[in-house]
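Per the UniProt record's numbering, the sequence shown starts with residue 1, numbered consecutively.
Structure, as structure tokens:
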Amino acid sequence: MQPSCRICLEDSAVSDLIQPCQCKGSIRYVHRRCLNEWRAVSQKRNSFFSCELCNASYYFSDQGRRRSHVRYFAIGLMAPVFCGIVVGSGYIMKIVELFLTQDFPAWKEFLSIDKLHVIYGVLLPAAFGLGPFCSVINIGTPHILNLALNGFSLDSITQFMLEVIVFAIGIIIGLSRILSWTYERTLRKLERVLLDESQILDLQCRGSHIKHNE
């Protein structure tokens with residue numbers, strides 16, 4: 001009985017099939033063409049790089065060489081991508097401010113990018129890291145206003161300083177998270193593009209291919 005492709009289910013000679021992952025039994029073989037078509041249309045994010053059934057990563061024919069360059073490209077692209085996020089976030093904050101104040105400036109003034117726009121654009125992504133810290137010591141605008149209205153005691157000043165420190169740490173954490181998110185997304189997209197035409201190796205051929213590259 002000839003093995004069959006687990007995607008198209010057509011019987012084929014073993015020479016026409018590959019075993020790209022750790023799957024066993026009748027589902028271990030697949031046509032390279034069928035696998036590439038499935039990787040292109042699958043809605044699962046990791047399907048392009050790994051098997052959906054056994055979660056083993058695919059090995060590409062020039063994976064080592066290409067991935068060593070991809071990381072440099074990703075780092076280089078982080079700057080324009082992050083700048084785009086900052087500019088876009090600044091416009092989002094401006095729109096929110098317009099609805100709150102009902103003060104609609106001229107288009108030229110709205111589209112201008114000044115220091116306040118950049119501050120808005122940085123603070124919005126940084127807000128991702130503020131949530132856990134704000135809940136730890138009950139930091140928030142109402143509490144700060146209460147301190148301002150009722151006066152500062154030694155204890156209140158100490159707590160206020162702690163909240164400012166935590167707020168600053170939250171901004172740093174938030175920026176770190178958005179930078180990490182930008183890097184991971186950029187790296188993933190670049191890998192997908194650069195490995196799109198690479199040949200997925202058969203499981204039995206990986207060892208010899210790795211030794212040959214070394």
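Cβ atoms here follow ideal geometry from the backbone N, Cα and C, with glycine treated the same way.
Name the residue from the options whose alpha carbon lies nearest to the alpha carbon of residue i.
i: F82; options: L190, R177, L201, Q199; result: R177
i: C34; options: R45, R6, L77; result: R6
i: L111; options: E184, G90, S47; result: G90
i: residue 230; options: I169, F60, C23, W107; result: Given that the chain is displayed from residue 1 to residue 214, the structure contains no residue 230 and the question cannot be resolved.
i: L124; options: I172, V41, Q43; result: I172
Per the DSSP calculation, residue i is bridged to which residue(s)?
i: S4; result: D11
i: V30; result: I18
i: S42; result: Bridge partners of S42: none, in fact.
i: F60; result: I200
i: S176; result: DSSP lists no partner for S176.
i: S112; result: Its beta-bridge partners do not exist; DSSP assigns none.
i: S50; result: S57
Can you give the beta carbon distance from residue i to residue j, rounded, assuming they're within the 8 Å contact cut?
i: Y58; j: M93; result: Y58 to M93, Cβ: 42 Å. No contact.
i: A126; j: L175; result: 5 Å
i: Q19; j: L203; result: 5 Å
i: A74; j: C21; result: 26 Å between Cβ atoms; not a contact.
i: L187; j: R71; result: 7 Å
In whole angstroms, give me the CA-to-CA distance for residue i and residue j.
i: L145; j: R39; result: Its pLDDT being 44, under 50, L145 is placed unreliably by the model, and the measurement read from it follows with that caveat. Distance between the alpha carbons of L145 and R39: 54 Å.
i: I137; j: Q102; result: Confidence at I137 is low in this model, with a pLDDT of 45, below 50, so the placement of that residue should be treated as unreliable; the coordinate-derived value is given next. Straight-line Cα distance between these residues: approximately 34 Å.
i: E37; j: H117; result: 44 Å
i: I27; j: E10; result: 12 Å
i: I113; j: P80; result: 16 Å
i: F60; j: E184; result: 20 Å
i: G25; j: L190; result: 34 Å
i: G88; j: V96; result: 13 Å
i: E109; j: G76; result: 31 Å
i: V41; j: G84; result: 28 Å
Note down, in chain order, each residue of its chain lying with its Cβ closer than 7 Å to the Cβ of residue i, except the 5 sequence neighbours on either side.
i: L17; result: P3, C5, Y29, V30, H31
i: V86; result: V118, G121, V122
i: L98; result: F104
i: R45; result: none
i: C54; result: C21, Q22, C23
Considering only residues of the same chain and omitting the five flanking positions on each side of residue i, which have a CB-CB separation below 8 Å?
i: L179; result: M78, F82
i: S50; result: C21, A56, S57, Y58
With a threshold of 6 Å on Cβ separation, who are the neighbours of residue i within its own chain once the five nearest residues in sequence on each side are excluded?
i: R182; result: Correcting the residue identity first, residue 182 is Thr in this sequence and not Arg. Within the same chain, T182 has close Cβ partners M78, V81, F82.
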